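This report concerns only the one structure given below.
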Amino acid sequence: MNARKNQSAGGLALQLFLLLLLLVGLGALVGSEGFAGLQIQADFSLITDIRLPRTLGACLAGALLGLAGALAQGLFRNPLADPYLLGSASGASLGVAIGMVLLSQLNMSPWFMRMGITGMAFMGAWLAVALSLVLSWGVQHTLRLLLAGVVVGVVFGAMASLLLIMFPQIQGSVQSFMLGSTAYVGWSACGLMLAVLVVSWLVSVAASPLLDGLALGESTALSLGLPVKSLRWLMLAVLALCTAAAVAQTGLIAFVGLAAPHLVRGRVKAVHGKTLSLSCLMGAVLLGGADLLARGLMAPLELPVGVLTAILGGGYMLFLMRGMSTKSVGQAGGRS
Amino acid sequence: MRCALRLACKWMGGVWVFWASLLPLTLMAQNALTPQASSPFSLTDDRGRVVVIDKAPQRIITLLPSLGEIVCELQACERLVGVDRYSNWPERVKTLPQLGGIDDTHLEALVKLKPDLVLLARSSRVTQRLESMGITVVALEPQNQEDMRRVIQLIAGALHLPQPQDRALTLWQSIQQKLDAAALRVPAKAKGMRIYFEAGSGYFAAGEASYIGETLKRLGLVNVVTPSMGAFPQVNPESVVKANPQIIFMGQRTATDLKNRPGWQRIEAISQQRICAFTPAQSDIIVRSGPRIPEAADLMVACLKRMFPE
Amino acid sequence: MNASSKTALKASNISVLHGEFKAVNQVSLELHSGEWVALVGPNGAGKSSLLKALAGLIPADGQVELMGKPWGLWQRRERAKTLAWLGQAEAGQDDLTVYDVTMLGRLPHQAWLASPSAQDRAVVEVALKTVQAWDWRSRSLGQLSGGERQRVLLARALAVQADVYLMDEPLAGVDLPHQADWLEWVRCLTEQGAAVVSVLHELNLALQADRVWVMSAGSLVHDGLPNSSDTHQALSAVFQNRLQWREWQDGDQTRWVALPK
Chain Z
1 MNARKNQSAG GLALQLFLLL LLLVGLGALV GSEGFAGLQI QADFSLITDI RLPRTLGACL
61 AGALLGLAGA LAQGLFRNPL ADPYLLGSAS GASLGVAIGM VLLSQLNMSP WFMRMGITGM
121 AFMGAWLAVA LSLVLSWGVQ HTLRLLLAGV VVGVVFGAMA SLLLIMFPQI QGSVQSFMLG
181 STAYVGWSAC GLMLAVLVVS WLVSVAASPL LDGLALGEST ALSLGLPVKS LRWLMLAVLA
241 LCTAAAVAQT GLIAFVGLAA PHLVRGRVKA VHGKTLSLSC LMGAVLLGGA DLLARGLMAP
301 LELPVGVLTA ILGGGYMLFL MRGMSTKSVG QAGGRS
Chain A
1001 MRCALRLACK WMGGVWVFWA SLLPLTLMAQ NALTPQASSP FSLTDDRGRV VVIDKAPQRI
1061 ITLLPSLGEI VCELQACERL VGVDRYSNWP ERVKTLPQLG GIDDTHLEAL VKLKPDLVLL
1121 ARSSRVTQRL ESMGITVVAL EPQNQEDMRR VIQLIAGALH LPQPQDRALT LWQSIQQKLD
1181 AAALRVPAKA KGMRIYFEAG SGYFAAGEAS YIGETLKRLG LVNVVTPSMG AFPQVNPESV
1241 VKANPQIIFM GQRTATDLKN RPGWQRIEAI SQQRICAFTP AQSDIIVRSG PRIPEAADLM
1301 VACLKRMFPE
Chain B
2001 MNASSKTALK ASNISVLHGE FKAVNQVSLE LHSGEWVALV GPNGAGKSSL LKALAGLIPA
2061 DGQVELMGKP WGLWQRRERA KTLAWLGQAE AGQDDLTVYD VTMLGRLPHQ AWLASPSAQD
2121 RAVVEVALKT VQAWDWRSRS LGQLSGGERQ RVLLARALAV QADVYLMDEP LAGVDLPHQA
2181 DWLEWVRCLT EQGAAVVSVL HELNLALQAD RVWVMSAGSL VHDGLPNSSD THQALSAVFQ
2241 NRLQWREWQD GDQTRWVALP K
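Protein chains in written order, with my numbering: chain Z, 1 to 336; chain A, 1001 to 1310; chain B, 2001 to 2261.
In structure tokens form, the structure reads like this:
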């Protein structure tokens, strides 16, 4: 009997947590001089005002995206699902585009002033998901929901493109938003994301038996007495909230939501209650590390953090996949 | 002898009184000469936000080239400590640390410079973050000449310059005078001709409502893109063919395949070879909506002169 | 096969509509505790739909009584403890371990988010040992073959310790020796008093059941004993007379085998 030795959930959690502490520590030290300036500066306010909130913000956004990705993959039983699959990416882009257009008008209404571009991105992402849910109302099948998400994504994306053509001066800003950046996260943004993360994590873990049941099929989940319909709406709402909160602060950062759950599942086989939390940690480490590299590698220039998450996450996934292919499939000790 | 002493004391006392009375006068004179902490200047910037500037800012950062140029033209150039990556005039600015563009400003480098005033564009991404750290931020983005006049006045006041209104007016008038002078040098044959100004690839034109358009109008040219179409609209190429401009201004890079555009061979400007292709360095000056508009006008006039040699 | 056993499941006039198409048309039946019924019929006869309707997984017209109590009066959790469903293996995330999958069968018995109790663990151990999957309980589902996976899913259903088991094609991909094992496991269940309904494609396995329900085109056309000639005639009829029957002696019992013609 040679069952593959999978890592325990607790072991991975500890590893990731230590890594996270290391990242936060490094984040306080890496600044505009890059890794060369790795000493505690005389100007302590730089660390507390800029570097710490930025590092923590990147970790929090990564945690939100990791959680959202794990939820999406569990709810839709699709390993290619990512947090943006219900149109939230296009919704956020549209929100930002509208916000930029309003910004260019001199008479701005006070509600917009208070909301700002981040608020518009949040609203846009949320509205897109809500619209997808409304369009697929009453239909039990998740495929219809996915299709609605695709439709909403495409339509909102087209509307954003229309705005870009009509107001070409906003093209640069919207494009940089699409690329994603962790550079401007402050303490208030960190607070917001932390609040959303705590609430979302609690609710998700509480509802995680649904995901376990769904993994065996919707019929089985129903027969096990799970309130599938209501729990599914709840988890979709949490998914939308997490994605919108992350996107509002850091823009569209690709790959973290897709890769974090995969990376967790590659190392640990456990029920969703544990893998959801691990995806949070993994996402935090992924984005925190990418942020560190983004500002440290070519300081004072900043690399786009989305590129680095793709390299980090994609590279590790390739490594895991190579490990998987060397083992023969279906190597069962008990097969007669 | 005592009499002499008493006289001397009186005289000394008198001298003292004399000098003492001079003291407040000298102080008042000093007040009049140095720009000291006068009343705080409050302005409403382009975001609609009211910003109060208590005293003259000594460490200024600008993240929009036109704003930096205005500061320098108002004789406060030595107060600049940082600019964005696109600022390159005047010479002093080239030695200043560059802090990125509109969307990727280097936050930490900026904060390290300890500015007491940051001037930036309305759409800058870093505005909120800077304000949350307690840095005074003023967002201004001149879109046309009237805007520019207002912005120059606001900046002059924000800098706490002595007689800011006068300084602003002087700068404005000098800009206008140079524009008028450039307009005079336009060849007579070119006056009244229809012009199409392509500001960006993909048929983005500079219409009459833009600041480029205003300059063109000042030079006596008629823009085929009317004000109703907006400042920088993306036009239907067919409408350009229909309007049949007699002169075309555009950047060098996109000018090479002009003849290959479907139907454009019929345009008078192309058949008559009246095309101005500006080099990237020249385009850089022309798209600035700052106090160097006269320089842009000069470049345009020089090209027109080559087109219509007298 | 107790004559005096109580009614585990009673269905009256069940109809299932898929859009315009009537998948199940006014079916009434009764299932007793301790009996194993095989539900057979040609493809598209509505067997799966009927079974799902009985399990309450799809909307249907008609009335169902579970253990004598109308369906509507059952609390969701109590019902989940009483009726277990075993469907065909669906494509899901194969990352749960065999043990965790089996433990999911205990969900109806656990308080929400409670850790597994000692009893839960004991039941899971028994279930896994029954299907001979205990040795590889740490493997993930994705590492198993189809037949092995099916056995684990059965263990999951066994862990529910229900009174009624509804199984839809439970033997897909299971090899012959394990089919024989499966027969034993079902016998075990019925001896303990549970009622089992299985939709089976394997006709000869179905003929080993206590009773046979024959469905065709949405209706229940026959309900009888597997060895009776009426049942054989009904089966031949629904399979377009392409069956031939052979007798064989199983000890002192006469059994029948259906072969394709």
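Just so you know, even glycine gets a beta-carbon here, dropped at the ideal spot from N, CA and C.
These figures come from a predicted structure and were not determined experimentally.
- Considered as a whole, the region 1113 to 1153 of chain A harbours 1117 to 1120, 1137 to 1139 as its complete beta strand (DSSP E) runs of no fewer than 3 residues, in chain order.
- The C-beta of Z:A215 comes closer than 9 Å to at least one C-beta of chain B.
- According to DSSP, residue pairing for B:P2260 in a beta bridge involves B:L2243.
- CA-to-CA, the gap between Z:G62 and Z:L297 works out to about 20 Å.
- Within the region 2026 to 2061 of chain B, the complete beta strand (DSSP E) segments of 3 residues or longer fall at 2036 to 2040, listed in chain order.
- The three-state secondary structure of A:P1237, taken from DSSP, is helix.
- Between B:W2185 and B:L2171 the beta-carbon gap is near 11 Å, outside 8 Å, which marks them as no contact.
- Closest by C-alpha distance to A:F1041, out of A:C1077, A:Q1165, A:K1242, is A:Q1165.
- If you look at B:H2222, you'll find it in the beta strand (DSSP E) that goes 2219 to 2224.
- Legend: CB atoms of the region 1212 to 1232 of chain A lying less than 7 Å from CB atoms of chain Z belong to residues F1232.
- Assignment of alpha helix (DSSP H) within the region 1037 to 1074 of chain A, counting only whole runs of 4 or more residues, yields 1065 to 1073 in chain order.
- Short of 6 Å from the beta carbon of Z:L320, and not among the five residues preceding or following it, lie these beta carbons of its own chain, in chain order: G266.
- Counting only runs of at least 4 residues, the region 226 to 297 of chain Z fully encloses the following alpha helix (DSSP H) elements, listed from N- to C-terminal order: 228 to 250, 256 to 267, 272 to 296.
- Contact annotation: in the region 220 to 244 of chain Z, residues whose CB is within less than 8 Å of a CB in chain B are T220, L222, S223, L224, G225, L226, P227.
- For A:E1208, no beta strand (DSSP E) run applies, since DSSP gives it neither H nor E.
- With its beta carbon less than 9 Å from one in chain Z, A:V1126 belongs to the interface.
- In the displayed model, A:N1244 falls within coil according to three-state DSSP, outside both helix and strand.
- B:S2012 carries a strand assignment under DSSP once its states are collapsed to helix, strand and coil.
- Here Z:Y184 carries a coil assignment [DSSP, helix/strand/coil].
- From the beta-carbon of B:L2083, the residues of chain Z found nearer than 8 Å are S223.
- Here the region 79 to 94 of chain Z lies against the region 146 to 161 of chain Z, with 3 or more beta-carbon pairs under 8 Å apart.
- By the Cβ criterion, the region 2117 to 2136 of chain B is not in contact with the region 245 to 259 of chain Z, since fewer than three pairs of Cβ atoms, one from each stretch, lie closer than 8 Å.
- In this structure, the straight-line span from the alpha carbon of B:S2145 to that of B:V2098 is close to 12 Å.
- Around B:V2101, the beta-carbon contacts reaching into chain Z at under 9 Å are D212, A215, L216.
- The region 2131 to 2179 of chain B is shown to contain whole alpha helix (DSSP H) runs of 4 or more residues at 2146 to 2159, in chain order.
- Taking CB atoms only, Z:V199 has no neighbour in chain B less than 9 Å away.
- The beta carbon of B:D2223 sits closer than 8 Å to those of L2029, R2211, V2212, W2213, V2214, all from its chain and outside the five residues before and after it, given in chain order.
- Look at the beta carbons and you see the region 17 to 28 of chain Z touching the region 47 to 55 of chain Z: at least three pairs across the two are nearer than 8 Å.
- From the beta-carbon of A:R1085, no residue of chain Z is found nearer than 8 Å; the closest lies around 10 Å away.
- When 9 Å is used as the limit between beta carbons, Z:A206 is near these residues of chain B: W2112, L2113, in chain order.
- Here A:W1264 is near A:P1237, since their CB atoms are less than 9 Å apart.
- Here Z:I165 is exposed: its Cβ has fewer than 16 other Cβ atoms, across all protein chains shown, within 10 Å.
- Annotated three-state conformation of B:R2106 is coil, per DSSP.
- Contact note: B:A2080 reaches chain Z through S223, L224, G225, using a C-beta cutoff of 7 Å and chain order.
- Taking CB atoms only, Z:G283 has no neighbour in chain B less than 9 Å away.
- According to the DSSP assignment, A:A1281 belongs to no beta strand (DSSP E) but to the alpha helix (DSSP H) extending over 1280 to 1286.
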